[in-house]
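Per mature numbering (1 follows the signal peptide of the UniProt record, and there is no 0): the sequence shown = residues -26 to -1, 1 to 559. Note that the Cβ used here is the ideal one computed from N, Cα and C, for glycine as well.
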Amino acid sequence: MHFNLKPVMALTLCISLFSAAPLVRAETPDQDVIVVYKNQSGKESAVDSGADVEQTYKHLPAVAMSADSQTVKELQHDPDILYVEDNVSFQAAGGSDMHLLSTAASGYSELSQWNLEPTQVKQAWKEGLTGKNVKVAVIDSGIFPHDDLSIAGGYSAVSYTSSYKDDNGHGTHVAGIIAAKHDGYGIDGIAPGVRLYAVKALDQKGSGDLKSLLKAIDWSITNKMDIINMSLGTNADSQILHDAVDRAYKNGIVIVAAAGNDGNKKPVNYPGAYSSVTAVSAATEKNQLAAFSTIGKQIEFSAPGTNITSTYLNQLYAIADGTSQAAPHVTGMFALLKQKYPQETNAQLRNQMQQNIKDLGAPGRDNQFGYGLIQYHTNQKDFAEQAVIKAEKTKKQTDINQAKTAVGKLPKSKEKSSLEARINKAQAARNVTDARDKVKTAEKQKKKTAVDAAESATRKLPAGSEKKALQKRLDGVNAGLLKTAKTAVTQAEKKADDANAAKAQKAVSELQPGKDKTALQKRLDKVKDKINQKKIIQARTKVKTAETYKTKKTKSAAQAAVNQLKPSAEKTKLQKRVRAVRVKH
């Protein structure tokens, strides 16, 4: 039995932050703002400003407060304050209906879950992986007590209640995808052994504010979470939110966020768009991108996000669509990998996840599925072979590197040697392509940096006609640069002025080290010395004129002439004479 909840209960989050930049509105006497300070003096300025301080943070250099426009303006101009942001609101919005399952339907038997097969998570369970003792914070609307969930603890970051109990339903649905028990009842979560923490940052309407989200992240850092799941997002940047997730990442936390539900033509939401966060898009049962899923280069992985059954309020279950549902699949998989590789850092776990995917869309990483659909691989040999096949097909260096890593983890065997030979062949082909591209760039740009890159790429090639031909082309580029430098130095010798000397120096700098470059530099240094001698004579004349006439104009001209000289004893002597004229007169 299915029925639709009201749109406000839709589980797809789409946050709207109207402005991340400091904003002062004269018509609003009191503003809720986040004040970000540079140092302790800045913090004291904010706290002692007379405004109503609502929140300070342990790990973030920020203070949440309610202040009048004049106080906000003063803080914005305080040299010890970095910036001031509005404490903007966000809320759950429509995007898909949620279907509530009746008690009779959810009864005592396991419910259908299509999303488990494509992720191949059952293979991980057979290996004993459950995410045991991995600490996962679900920053959401809280988690409602449910027989299918074990809640280790939590925190309320909202102001109206100290309870982290879910009064909306979204957080409970997300939590079930991650951690529902494997007890033959209801549903199976991806990682049932995790220590699940309910961090409430949204209210009963699915609404919240930046202040609450920062409190939730700050709490997660303090309590040493391993993974944070944020099935929420915003289409506007926020510097303090960016700083907060970066701080959590530096503390070793894996951060997963929904990409957003604004459609395929819209960009990835924040915080998913930040590099420290793993952004997740939603895939359908047919391994296609869901119509509501946002896309972009920040997408890291994809996961099932349509018709997802999970836990809900009042011991019930519900079905929902959204990147909100896709993200917790990735969070659960990270928990399994964290248990399997407990010593790996968050960055290493992200790399590890790249070896547990099914590539969808364009070969390699793309804007729709990122590296691909998460999929646990128990057979490393098969995965390594697939990685080699992919590298042979795309010939992209990133795919070749991934294949090398996968093959490198295999035990010594004939199969491993065979795969290594194939990947070496793919690398050799890549090297030829790189060398050709870089030589072409060197011919076009005629810059030393481009020539150096081409030389380096060409040296990687084995001896043969290809390498010989490319080196000949590079020799031609170097010959052209040498000819240009010789002409420029000769012109500088004739003119002996700053403009031609600078042009010649630029040309000489583009040459490769060697006898020709050394000889041209010596000739150019003589030109520069000649020019400097002219300047010294001119400076002496002007200084003498200043000493004679002592006018503002002559003193200024003398100082300008001295400023053009290279550091030397002569310059120091002339500078003293100019200073003496200025002091006396």
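Name the residue from the options whose alpha carbon lies nearest to the alpha carbon of residue i.
{"i": "residue 311", "options": "465, 108 and 431", "result": "108"}
{"i": "residue 265", "options": "378, 237 and 113", "result": "237"}
{"i": "residue 203", "options": "187, 419, 209 and 418", "result": "187"}
{"i": "residue 354", "options": "98, 19, 47 and 542", "result": "98"}
{"i": "residue 335", "options": "288, 299 and 275", "result": "275"}
{"i": "residue 127", "options": "296, 112 and 133", "result": "112"}
{"i": "residue 121", "options": "419, 163 and 114", "result": "163"}
{"i": "residue 191", "options": "215, 551 and 11", "result": "215"}
{"i": "residue 24", "options": "44, 342, 119 and 425", "result": "44"}
{"i": "residue 287", "options": "62, 76 and 481", "result": "76"}
{"i": "residue 376", "options": "333, 473 and 165", "result": "333"}
{"i": "residue 118", "options": "325, 137 and 281", "result": "137"}
{"i": "residue 297", "options": "208, 315 and 328", "result": "208"}
{"i": "residue 347", "options": "94, 157, 143 and 103", "result": "94"}
{"i": "residue 367", "options": "54, 40 and 337", "result": "337"}
{"i": "residue 47", "options": "31, 101 and 20", "result": "20"}
{"i": "residue 467", "options": "226, 500, 482 and 489", "result": "500"}
Pull up the distance between the alpha-carbon of residue i and that of residue j, whole angstroms please.
{"i": "residue 554", "j": "residue 487", "result": "46 Å"}
{"i": "residue 549", "j": "residue 475", "result": "25 Å"}
{"i": "residue 4", "j": "residue 38", "result": "13 Å"}
{"i": "residue 320", "j": "residue 534", "result": "57 Å"}
{"i": "residue 22", "j": "residue 49", "result": "11 Å"}
{"i": "residue 439", "j": "residue 471", "result": "46 Å"}
{"i": "residue 362", "j": "residue 404", "result": "13 Å"}
{"i": "residue 351", "j": "residue 105", "result": "16 Å"}
{"i": "residue 301", "j": "residue 373", "result": "24 Å"}
{"i": "residue 461", "j": "residue 477", "result": "10 Å"}
{"i": "residue 391", "j": "residue 458", "result": "50 Å"}
{"i": "residue 417", "j": "residue 447", "result": "8 Å"}
{"i": "residue 442", "j": "residue 436", "result": "10 Å"}
{"i": "residue 479", "j": "residue 495", "result": "8 Å"}
{"i": "residue 145", "j": "residue 135", "result": "16 Å"}
{"i": "residue 508", "j": "residue 469", "result": "13 Å"}
{"i": "residue 502", "j": "residue 463", "result": "11 Å"}
{"i": "residue 526", "j": "residue 517", "result": "12 Å"}
{"i": "residue 16", "j": "residue 356", "result": "57 Å"}
{"i": "residue 308", "j": "residue 421", "result": "45 Å"}
{"i": "residue 34", "j": "residue 221", "result": "8 Å"}
Given a threshold of 16 other Cβ atoms within 10 Å of its Cβ, counted over all protein chains shown, does residue i qualify as buried or as exposed?
{"i": "residue 452", "result": "buried"}
{"i": "residue 413", "result": "buried"}
{"i": "residue 277", "result": "buried"}
{"i": "residue 547", "result": "exposed"}
{"i": "residue 141", "result": "buried"}
{"i": "residue 540", "result": "exposed"}
{"i": "residue 583", "result": "No statement about residue 583 is possible, as the shown extent of the chain runs from -26 to 559 and does not include it."}
{"i": "residue 603", "result": "Shown here, the chain extends from -26 to 559; a query on residue 603 therefore has no answer."}
{"i": "residue 88", "result": "exposed"}
{"i": "residue 36", "result": "buried"}
{"i": "residue 427", "result": "buried"}
{"i": "residue 449", "result": "exposed"}
{"i": "residue 552", "result": "buried"}
{"i": "residue 322", "result": "exposed"}
{"i": "residue 557", "result": "exposed"}
{"i": "residue 158", "result": "exposed"}
{"i": "residue 378", "result": "buried"}
{"i": "residue 542", "result": "exposed"}
{"i": "residue 339", "result": "buried"}
{"i": "residue 522", "result": "exposed"}
What is the C-beta distance between residue i and residue j, in whole angstroms, given that I count them as a contact (C-beta under 8 Å)?
{"i": "residue 130", "j": "residue 174", "result": "5 Å"}
{"i": "residue 365", "j": "residue 395", "result": "So it is not a contact: roughly 13 Å between Cβ atoms."}
{"i": "residue 283", "j": "residue 85", "result": "5 Å"}
{"i": "residue 575", "j": "residue 252", "result": "Only positions -26 to 559 of the chain appear in this structure, which leaves residue 575 out of reach."}
{"i": "residue 304", "j": "residue 254", "result": "5 Å"}
{"i": "residue 60", "j": "residue 7", "result": "6 Å"}
{"i": "residue 410", "j": "residue 444", "result": "7 Å"}
{"i": "residue 103", "j": "residue 313", "result": "6 Å"}
{"i": "residue 171", "j": "residue 110", "result": "7 Å"}
{"i": "residue 92", "j": "residue 349", "result": "7 Å"}
{"i": "residue 150", "j": "residue 285", "result": "3 Å"}
{"i": "residue 72", "j": "residue 233", "result": "19 Å between Cβ atoms; not a contact."}
Report the start-end ranges of each beta strand (DSSP E) in the region 45 to 120 that is 3 residues or longer and not cut off at the edges. 55 to 60, 63 to 65, 73 to 75 and 109 to 114
Whole alpha helix (DSSP H) runs in the region 268 to 346 with 4 or more residues, listed along the chain? 297 to 314 and 320 to 327
Continuous alpha helix (DSSP H) assignments of at least 4 residues falling wholly in the region 342 to 413: 354 to 368 and 371 to 382
Complete runs of the alpha helix (DSSP H) confined to the region 177 to 221 [at least 4 residues]: 184 to 196
Which runs of the beta strand (DSSP E), 3 residues or longer, sit entirely within the region 2 to 34? 4 to 11 and 26 to 30
Start-end ranges of the alpha helix (DSSP H) lying completely within the region 447 to 521, minimum 4 residues: 472 to 483
At 4 residues or longer, what runs of the alpha helix (DSSP H) sit wholly inside the region 415 to 448? 422 to 433
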